[in-house]
Amino acid sequence: MDYIRLSKELSYALRHAPWEYELELDEEGWVNSEQLLRAFRETSHWKELNEQHLLKAIETSDKKRHEIKDGRIRALYGHSTPHKISKQVEKPPEVLFHGTPRFSLANIMIEGLLPRGRQYVHLSADTSMALQVGKRRDNRPVLLQIRAVEAWLNGIVFYKGNDQVWLADHIPPQYIQTM
Ligand code: HQG
Numbered sequence: 034m035d036y037i038r039l040s041k042e043l044s045y046a047l048r049h050a051p052w053e054y055e056l057e058l059d060e061e062g063w064v065n066s067e068q069l070l071r072a073f074r075e076t077s078h079w080k081e082l083n084e085q086h087l088l089k090a091i092e093t094s095d096k097k098r099h100e101i102k103d104g105r106i107r108a109l110y111g112h113s114t115p116h117k118i119s120k121q122v123e124k125p126p127e128v129l130f131h132g133t134p135r136f137s138l139a140n141i142m143i144e145g146l147l148p149r150g151r152q153y154v155h156l157s158a159d160t161s162m163a164l165q166v167g168k169r170r171d172n173r174p175v176l177l178q179i180r181a182v183e184a185w186l187n188g189i190v191f192y193k194g195n196d197q198v199w200l201a202d203h204i205p206p207q208y209i210q211t212m
């Protein structure tokens with residue numbers, strides 16, 4: 034079983050294109066895991082897929098991207114579907130981080146961090162993850178530090194993705210500095 038491939042396809046189905054699998058995400062992004070298994074099994078690659086495979090793909094992944102619970106499965110962050118998934122509002126840690134390609138910096142310092150193609154801005158709890166995120170687009174990404182508690186106290190809302198990934202609707206530039 035190729036668990037990395039499975040995890041990637043779970044992200045595709047649960048973050049970006051549930052309709053391709055005839056799935057509908059609920060308010061919090063959950064779908065029935067039996068229904069998802071049935072949809073995956075209909076494709077040529079996943080004919081033998083079962084719940085243990087889902088559990089293992091989630092558990093062995095380098096990041097906590099998905100969650101499976103009480104017969105349901107969801108992606109914890111990353112969504113781009115048109116209907117915005119509701120996330121739990123939570124006070125963030127003092128600072129959060131974001132890795133971005135060098136060419137985005139000037140714009141970010143003017144308009145702040147925007148969700149772009151996703152539903153939320155994604156922030157990292159530590160610099161090593163932020164660096165890894167930034168490296169997807171630039172081999173020498175810029176690391177940004179966000180004064181999250183200060184923003185929170187001024188009314189900027191934060192949401193928890195998982196222990197490492199925090200979400201926001203918009204981070205205005207006054208809370209952002211380069212490192
Ligand atoms: C940039 C992956 C110009 C932003 C990752 C980023 C993460 C701006 C890009 C998660 C901007 C959006 C999300 C502005 C933001 N002007 N550029 N005003 N505001 N940007 O992929 O945060 O591994 O949608 O800096 O690891 O890179 O798949 O967001 O470069 O956790 O689980 O616009 O996706 O998770 O890119 O990554 P993305 P992201 P997985």
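Positions 34 to 212 (our numbering) are the ones given, in order, by the sequence shown.
Using N, Cα and C, we set each Cβ at its ideal position, and we do this for glycine too.
Between G145 and I91, the C-beta spacing is not below 8 Å. DSSP places V182 inside the alpha helix (DSSP H), whose first and last residues are 181 to 186. Taking 8 Å as the upper bound for CB-CB distance, S119 and E57 are not in contact here, some 15 Å apart.
Within the same chain, Cβ atoms closer than 7 Å to the Cβ of E55 are found at A72, the five residues on either side in sequence being excluded.
When the beta-carbon positions are compared, H131 and A163 come within less than 8 Å of each other.
In the displayed model, W63 falls within coil according to three-state DSSP, outside both helix and strand.
The shortest C-alpha to C-alpha distance from L138 to any of R107, I101, R173 is the one to R173. Assignment of H131 by DSSP, reduced to helix, strand and coil, places it in the strand class.
By the Cβ-count criterion, T133 is buried, with 16 or more other Cβ atoms from all chains shown falling within 10 Å of its own Cβ.
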